[in-house]
Amino acid sequence: MDRHSALEIVRTTLAADHACQPEDWLRDEVIVVEAREVAGRRRFPLRAKHFGMTTMGQGVVISCSTDRLAWAEENLSLRSRDELFSSTFLAMIANFVAPDQQRLAGPHLWNLCSSESFRPAAVPAGFRLELFGKEQMAEVYRFEGFTHALSYRLDKASSDMIAVAAWRESQVIGMAGVGGDSDQLWQIGIDVAPKYQGIGLGKALVSRATEATLEQGKTPYYATNISNVRSGNTARTVGYQWAWSDVYARELVE
7 MDRHSALEIV
17 RTTLAADHAC
27 QPEDWLRDEV
37 IVVEAREVAG
47 RRRFPLRAKH
57 FGMTTMGQGV
67 VISCSTDRLA
77 WAEENLSLRS
87 RDELFSSTFL
97 AMIANFVAPD
107 QQRLAGPHLW
117 NLCSSESFRP
127 AAVPAGFRLE
137 LFGKEQMAEV
147 YRFEGFTHAL
157 SYRLDKASSD
167 MIAVAAWRES
177 QVIGMAGVGG
187 DSDQLWQIGI
197 DVAPKYQGIG
207 LGKALVSRAT
217 EATLEQGKTP
227 YYATNISNVR
237 SGNTARTVGY
247 QWAWSDVYAR
257 ELVE
């Protein structure tokens with residue numbers, strides 16, 4: 007899976023997410039579309055009060071529920087990509103969704119890895135990694151507290167497909183999880199006990215989880231908040247490259 011093929015998968019999947027066309031990501035314009043269920047979208051819930059704004063580096067696609075279309079057209083459609091992701095317009099959008107008991111999440115940086123960019127990372131001395139498959143998740147869920155890596159739900163639509171545990175002697179002190187968000191895109195998440203952060207263990211976990219995902223013929227991706235520099239650097243060290251950015255409205259309590 008080279009980067010060109012991986013990006014094609016992303017464009018197709020994000021088009022399904024946003025109910026737009028794959029070529030819309032290559033247009034230098036702002037496109038506002040009505041949110042709806044489309045085959046091939048990631049297995050995330052489509053909110054009744056939906057708002058999402060995404061760019062792959064050229065134009066911007068804004069996908070929103072029917073009752074928000076007119077506002078988005080009037081206030082956002084004639085702006086540039088950089089204006090829309092500026093603090094001024096993010097604050098405007100946040101104020102718009104607030105009466106519906108929602109907040110604006112992001113901006114998120116979504117990073118993509120391919121077989122040609124992947125760079126394996128060594129496991130630090132004194133630790134060992136153990137790989138688990140989907141059929142072993144009930145066993146993995148016995149290791150509690152790694153909520154940034156695992157869903158701890160066997161019934162979740164985007165279920166955990168792979169887990170990598172980091173052991174220090176007889177204790178699990180870190181975990182990477184791989185969620186099957188769509189048929190092609192699998193998301194990597196990691197969680198390392200604070201005492202063991204900053205020594206390369208997170209990088210080793212992401213590396214092994216990424217390798218296992220590529221071996222399954224899937225495209226691994228990794229999300230970071232714009233402020234999480236350490237997490238972003240971990241992804242880039244292993245071979246992830248920034249592919250798209252987004253913000254979206256979510257309920258205050260979920």
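Numbering (the working numbering), first residue to last: 7 to 260. A virtual CB, placed ideally from N, CA and C, is assigned to each residue, including glycine. Here the structure is a predicted model, which means the values were calculated and not measured.
With 16 other Cβ atoms within 10 Å as the buried cut-off, status of residue i
i      : result
Val259 : exposed
Gln193 : buried
Asn81  : exposed
Lys224 : buried
Pro126 : exposed
Glu217 : buried
Val235 : exposed
Ile15  : buried
Asn101 : exposed
Gly63  : exposed
For residue i, the residue or residues it bridges with in DSSP
i      : result
Ala171 : Glu136 and Met181
Asn231 : His114
Ala255 : Leu110
Trp250 : Trp116
Phe152 : DSSP lists no partner for Phe152.
Backbone secondary structure at residue i - three-state DSSP
i      : result
Tyr202 : helix
Ser165 : coil
Val67  : strand
Gln142 : helix
Phe95  : helix
Among the options, nearest to residue i - alpha-carbon criterion
i      : options                           : result
Gly195 : Lys201, Ser83, Gly204 and Gly183  : Gly183
Ile68  : Gly139, Pro113, Ala41 and Arg49   : Ala41
Arg159 : Asp34, Ala111 and Gly185          : Gly185
Asp187 : Met167, Ile205, Gly204 and Ala199 : Met167
Val39  : Asp88, Arg74 and Val103           : Arg74
Phe50  : Ala169, Ser165 and Gln222         : Ser165
Trp31  : Glu257, Ala255, Arg256 and Ser251 : Ser251
Gln108 : Val170, Glu14, Asp34 and Phe57    : Phe57
Gln190 : Arg85, Leu220 and Phe95           : Leu220
Val36  : Gly63, Leu20, Leu84 and Ile99     : Leu84
Tyr202 : Glu122, Arg214, Ser213 and Val178 : Val178
Ala229 : Glu150, Asn117 and Leu156         : Asn117
Same chain, Cβ closer than 7 Å to residue i, neighbours up to 5 away in sequence not counted
i      : result
Phe133 : Ala172, Trp173, Arg174 and Leu207
Val129 : Leu135 and Ala210
Val44  : Ala22 and Ala25
Neighbourhood of residue i by C-beta, 8 Å cutoff - its chain only, sequence neighbours within 5 removed
i      : result
Ile205 : Pro130
Residues near residue i in its chain [Cβ-Cβ closer than 6 Å; skip 5 each side]
i      : result
Lys6   : Coverage of the chain is limited to positions 7 through 260, which leaves residue 6 absent and any answer about it impossible.
Val198 : Gly180, Leu207 and Gly208
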